[in-house]
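Asker: Below is a structure I'd like to ask you about.
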């Protein structure tokens, strides 16, 4: 079949057939800017898949081909070019050590052929033709532009979406009807004195079914989302912090997860990394993750310590179990919805672009086969090639740390000395493990893409970065900060002492960010003095040092010492967005993957484009997170409270739970208020 297709194409070209010219011209031949690091000659995807002959029995098929050059040829080329100052350091031809789990290796070329040949057949043909020259070719991801077929998982996800939408619509309608219903006044008797004024009766209690439906009401949930009232105004600064950190994460992922074989020119990746602006934002973006862990630990500790007396009276094992279930549901429900949406994304990516051969396809296939790792939060212990929705390693790690941090915080209620001993043990053991692993395995100091060795980057992520014990010090330092705020928030500090602490915090923050220039600006590892010692020290200590830098800042802001910085972070515009920060984090990554899967041409990469794309993804993530929050996240919280009230025997009255009113068996009567009679104004 394939040999006949090849013969048909050659005959068509000889006879000057238009369809044959379209197919041959759609191939990616020579990679543009190949000596400037570009790895992809993508060809013409649209032209290829839209090609048909007059009878319609021949059509174009676009495939992705990876071509690897022999090592001796690379060495000879490098030797010739290095005489003229090219291909030195990072700019060597073999510098981009592309990990096999990341995708296929070699030059990426678009192959347009007639439909009818399998990927294995085309691979055999190309290897037969190019094998004598020492070249090796692999053909993958052939498609004809047709849409993805409808599968059983699409049906199940669609049914879930329809049912949830119907619940939201029904709940909204019930809420609207309830709000529009006028308040009923009790009928007054003819013998009642005019001085007696009768107030409206309390609103009747909704039925259980109505209460259940109101959990899904868009009216109720929108009010909750846009309600900016807060009881403890000392923590309003966290709103601005969470919003800006989410923007930092979204912006950085656009660079860290770029398809390197689509960047033109490829060396622009290295040129960006050497700039100071890169190290201030992209190169140090992993610190935003440490900030999130610190803030989460602070909030957990603060919420427990403020209610210490009430919590100590409870059954602590049952309390922990209930908190685990609540935490699991609040993390997992929106995550499951995002996972289902991503599993539908093949309907919009297949047949739309040619960039699905490795990165997007690997993520999508992992989600199809390893989706339980997402819902059970153990994905960070799987090999990188089996990760689904890569950024959700954070959710799994946070849940795992929470299992340990909750009882640790309860220990703090009993014994401060025991808590400090455990905290010190956690910090020292995590530091020792990270230092040992970084030194022995020669890993990167952080998950920074300053060097092009993707194998080393992925090993760093698997061994250190994705594991809970690496981030536990930052988490427990946040709990310790909460303890200082609750129990020592009124500590008197002179203005000089505060100025010194602010100076120390700012200088330590700047140092941890700018030290990235040492390896991001170097030509190669060998040019860095005492490289392994520097990597081991920084990689093992930066999380704890970053927590120390944030310790005073959060303490000062929470105890009224923040000044203008507190007012900036507490801006009301951040309040609503901060409620969406978790949804923004979950939604931005599938948006990025879909964008990668739909790219059909090489793209330029510079700071302006990164900022533009990052802001665009952030806005799209906000829109998606709003829908996620209103349709799924808040209903899940409402259902949790609904069933919690049912178990406790309390029911809401006018939106509030009153156990005393529920336990009363006397029938309700209209509330009457006697008003003192005043003189008739008409007689004055």
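In the working numbering, the protein residues as written are 7 to 690. Note that the Cβ used here is the ideal one computed from N, Cα and C, for glycine as well.
(1) Are residue 696 and residue 631 touching if we call contact CB-CB under 7 angstroms?
(2) So, residue 248 versus residue 584, is the Cβ gap smaller than 7 angstroms?
(3) Could you give the distance in angstroms between the alpha-carbon of residue 574 and the alpha-carbon of residue 449?
(4) Short of 8 angstroms in beta carbon distance, which residues of its chain neighbour residue 15, apart from the five on each side in sequence? Order them along the chain.
(5) If we count the other Cβ atoms within 10 Å of its Cβ and call it buried at 16 or more, is residue 76 buried or exposed?
(6) Inspect the CB distances between the region 43-51 and the region 80-90 and report whether three or more fall short of 8 angstroms.
(7) Locate the alpha helix (DSSP H) running through residue 114, then write down its first and last residues.
(8) Report all residues from its chain with a CB closer than 7 angstroms to the CB of residue 565; omit the five preceding and five following residues, and keep chain order.
(9) Terminal residues of the continuous alpha helix (DSSP H) containing residue 349?
(10) With 16 as the cutoff for other CB atoms within 10 Å, does residue 5 come out buried or exposed?
(11) Between residue 18 and residue 34, is the Cβ-Cβ spacing less than 7 angstroms?
(12) Just to confirm the assignment, what range does the alpha helix (DSSP H) spanning residue 1 have?
(13) Given that a residue counts as buried once 16 or more other Cβ atoms are within 10 Å of its Cβ, and exposed if not, what is residue 124?
(14) Only counting the same chain, and skipping five residues up and downstream in sequence, which positions put a Cβ closer than 7 angstroms to that of residue 462?
(15) Please state whether DSSP places residue 28 in a helix, a strand or coil.
(16) For residue 669, collect the residues of the same chain with a Cβ closer than 6 angstroms to its Cβ; drop the 5 residues on either side in sequence, then sort them by chain order.
(17) Can you tell me which of 642, 635, 612 puts its alpha carbon nearest to the alpha carbon of residue 280?
(18) If residue 242 sits next to residue 236, beta carbons under 8 angstroms apart, how far is it from one beta carbon to the other, in whole angstroms?
(19) Where do the N-terminal and C-terminal ends of the alpha helix (DSSP H) with residue 217 fall, by residue?
(20) Measure the alpha-carbon distance for residue 337 versus residue 8 and round it to whole angstroms.
(21) Can you tell which of 373, 522, 183, 302 has its C-alpha closest to the C-alpha of residue 488?
(22) Is the region 554-564 touching the region 216-223 in the sense that three or more CB pairs, one from each, lie closer than 8 angstroms?
(23) Quick check: the Cα distance between residue 567 and residue 497, rounded to an integer number of angstroms?
(24) Taking the runs of the alpha helix (DSSP H) that are 4 residues or longer, which of them lie wholly in the region 592-636?
(25) Have a look at residue 662 and residue 578 and give me their C-alpha separation to the nearest angstrom.
(26) Report the CB separation of residue 161 from residue 145 in whole angstroms; it is logged as a contact under 8 angstroms.
(27) In this structure, what does DSSP give as the bridge partners for residue 73?
(28) Under a three-way DSSP split, which group does residue 168 fall into?
(29) In this structure, how does DSSP classify residue 228 when only helix, strand and coil are distinguished?
(30) Using only alpha-carbon positions, find the residue among 66, 637, 481, 418 that is nearest to residue 318.
(31) Hey, residue 260 and residue 526: beta-carbon distance below 7 angstroms or not?
(32) Just to confirm before moving on: does the CB-CB distance between residue 273 and residue 97 stay below 7 angstroms?
(33) Leaving aside the five residues before and after residue 182 along the sequence, list all residues of the same chain whose C-beta is less than 7 angstroms from its C-beta, in chain order.
(34) If you draw a straight line from the C-alpha of residue 358 to the C-alpha of residue 604, how long is it?
(35) What is the C-beta distance between residue 234 and residue 581, in whole angstroms, given that I count them as a contact (C-beta under 8 angstroms)?
(36) So for residue 123, helix, strand or coil by DSSP?
Answerer: Considering the structure as presented:
(1) This structure does not reach residue 696, given that the chain is present from 7 up to 690, and the question cannot be answered.
(2) yes
(3) 39 angstroms
(4) 26, 29, 30, 119, 120
(5) exposed
(6) no
(7) From DSSP, residue 114 is part of no alpha helix (DSSP H) but of the beta strand (DSSP E) over 113-120.
(8) 491, 495
(9) 322-349
(10) Missing from the structure shown is residue 5; the chain here goes from 7 to 690 and no further.
(11) no
(12) In this structure the chain extends from 7 to 690, so residue 1 is not present and cannot be described.
(13) exposed
(14) 449, 450
(15) helix
(16) Residue placement at residue 669 cannot be trusted, given a pLDDT of 37 that sits under 50; what the coordinates show is reported in the next sentence. Nothing meets the Cβ criterion.
(17) 612
(18) 6 angstroms
(19) 214-220
(20) 50 angstroms
(21) 302
(22) no
(23) 11 angstroms
(24) 613-634
(25) Any answer about residue 662 is weak, because its pLDDT of 44 lies below 50 and its placement is not dependable; what the coordinates show is given next. Rounded to the nearest angstrom, the two C-alpha atoms are 26 angstroms apart.
(26) Between residue 145 and residue 161 the Cβ distance is about 32 angstroms, and since that is not below 8 angstroms, they are no contact.
(27) 113, 143
(28) helix
(29) helix
(30) 418
(31) no
(32) yes
(33) 225
(34) Low confidence applies here, because residue 358 scores a pLDDT of 48, under 50, leaving its location unreliable; read the following figure in that light. Roughly 6 angstroms between the two C-alpha positions.
(35) 4 angstroms
(36) coil
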